[in-house]
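Chemist: The structure is given below, and queries will be raised subsequently.
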Amino acid sequence: MPAGLEASHPDTSIQQFCGHLLSQLSLKQQTVGGLLLTQVVIMGNKLIALLFIVGILLFIATPASAAKLDDELNSRMEALKMAFMQHDGNAIREIMTKDGLIVTPYYKEALGPGQVVEKFRTLDIKKHSSYKVSITPLSAKTALMTMYTSFEGSFEDKPVSAWLFTSSLWVKEQGLWRLKLLQETIVEAP
C-alpha cells in the first residue's frame with residue numbers, strides 16, 4: 000500500500016487505497032472524424048500494477064462471497080426441509096417463488112407452492128438428510144444446488160424410503176434466496 004494510506008480500520012484502508020488508484024487515472028478526450036473518443040489514461044504506466052491489485056482483491060473477495068452463498072443456501076434448504084417435516088405451509092410459500100415447482104418421485108407430478116401445501120396431509124417425513132452438497136453460482140441472483148438425500152417417511156400411507164439426487168434452482172428476490180425449481184430422482188446410495 001502506498002505510503003501515507005495506512006489506517007486503523009480495514010474498510011477505511013481499502014477506500015483510501017482505491018481513492019489513491021483512482022487519482023492515478025485521467026480521462027483524455029479527442030475528436031477523430033467527428034467522433035468524440037474518451038480514453039482512460041493511467042499515469043506513470045501503472046496498468047500492470049493496477050490489474051495485479053484488482054486481481055488480488057477479486058481473489059480475496061471470491062472465497063468470502065462463496066462461503067456466504069453456501070451458508071445462505073444451506074440455511075434456506077434446511078428451512079425448506081423443516082417446513083416439509085412440520086407441515087408449515089407459510090414457510091413453504093415464503094421459501095418458494097410464487098411460480099416455483101417441486102418435482103419428486105412420490106408426488107409423480109410438478110407441484111407449485113399451494114399444491115405442495117395441499118399434499119402435506121398425506122406426507123410424513125421421518126428423515127431427510129443431505130450429503131455431498133454442491134452450490135454453483137450461475138449469476139449474482141441465481142444459483143444451482145445439488146445433493147444426495149436420504150429420505151424416509153410415507154406418502155399417502157405408503158412407505159417411502161430412498162436415496163435421492165436433488166437439484167434445485169434458487170433465485171434472489173428482494174434480498175432473499177427463493178426456490179424456483181426442485182427436482183428429486185431416486186438413485187443408488189452414493
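In numbering that gives the first Met the number 0, the protein residues as written are 0 to 189.
Ideal Cβ placement from N, Cα and C applies to all residues, glycine included.
Keep in mind it's a predicted model, so treat the numbers as computed, not measured.
#1: Whole angstroms are fine: how far does the CA of VAL159 sit from the CA of TYR105?
#2: Three or more C-beta pairs under 8 angstroms: does that hold for the stretch 167-184 against the stretch 137-144?
#3: THR121 and PHE83 - do their beta-carbons sit closer together than 8 angstroms?
#4: If you reduce the DSSP assignment to three classes, tell me which class LEU56 lands in.
#5: Name the residue from GLU151, PRO136, GLY152 whose alpha carbon lies nearest to the alpha carbon of THR145.
#6: Could you tell me whether the stretch 128-135 touches the stretch 90-110, where touching means 3 or more Cβ pairs closer than 8 angstroms?
#7: So, helix, strand or coil for LYS118, using DSSP?
#8: Taking DSSP's pairing of strands, which residues face GLU77 in a bridge?
#9: If you check the beta carbons only, do GLY88 and VAL116 fall under 8 angstroms apart?
#10: Pull the bridge partners of ALA161 from the DSSP assignment, please.
#11: Which two residues bound the contiguous alpha helix (DSSP H) that contains GLY194?
#12: In terms of residues, what are the limits of the beta strand (DSSP E) holding GLN173?
#13: Give me, in chain order, the residues of the same chain whose beta-carbon lies closer than 8 angstroms to that of LEU110; leave out the 5 immediate sequence neighbours on both sides.
#14: Excluding sequence positions up to five away, which residues of its chain have a Cβ less than 7 angstroms from the Cβ of LEU72?
#15: When you compare only the Cα positions, how much space is there between LEU181 and SER64?
#16: Given LYS125, which residues of its chain have a CB within under 7 angstroms of its CB, disregarding the five upstream and five downstream residues?
#17: Taking DSSP as the reference, what is the three-state secondary structure of ASP98?
#18: Return the chain-ordered list of same chain residues with a C-beta closer than 7 angstroms to the C-beta of ILE94, the five sequence neighbours on each side being excluded.
Modeler: In terms of the structure at hand:
#1: Each residue's Cα considered, the two are about 8 angstroms apart.
#2: With a cut-off of 8 angstroms, the stretch 137-144 and the stretch 167-184 count as touching, because enough Cβ pairs lie within range.
#3: No.
#4: Residue placement at LEU56 is poorly supported in this model, since its pLDDT is 49, which falls under 50; the coordinates still yield a value, given next. Helix.
#5: Minimum Cα distance to THR145 is reached at PRO136.
#6: No: the two stretches stay apart, fewer than three of their Cβ pairs being nearer than 8 angstroms.
#7: In the three-state reduction of the DSSP assignment, LYS118 falls in the helix class, which pools H, G and I.
#8: Paired residues: none, contrary to the question.
#9: Contact: yes.
#10: In the DSSP output, where bridge partners are listed per residue, ALA161 has PHE150.
#11: The requested residue 194 does not occur in the structure, where the chain is confined to residues 0 to 189.
#12: Looking at the DSSP string, GLN173 is not in any beta strand (DSSP E), and its letter there is neither H nor E.
#13: Correct list, in chain order: LEU100, ILE101, VAL102, LYS118.
#14: So the list reads ILE134, ALA142, MET144, TRP169, TRP176, once near-sequence residues are dropped.
#15: As the crow flies, the alpha-carbon of LEU181 is around 24 angstroms from that of SER64.
#16: Once the five neighbours on either side are set aside, the close Cβ partners of LYS125 are GLU151, GLY152.
#17: In the structure shown, ASP98 adopts extended strand secondary structure according to DSSP, grouped into three states.
#18: Cβ within range, chain order: ARG75, ALA78, LEU79, ALA82, ARG177, LEU178.
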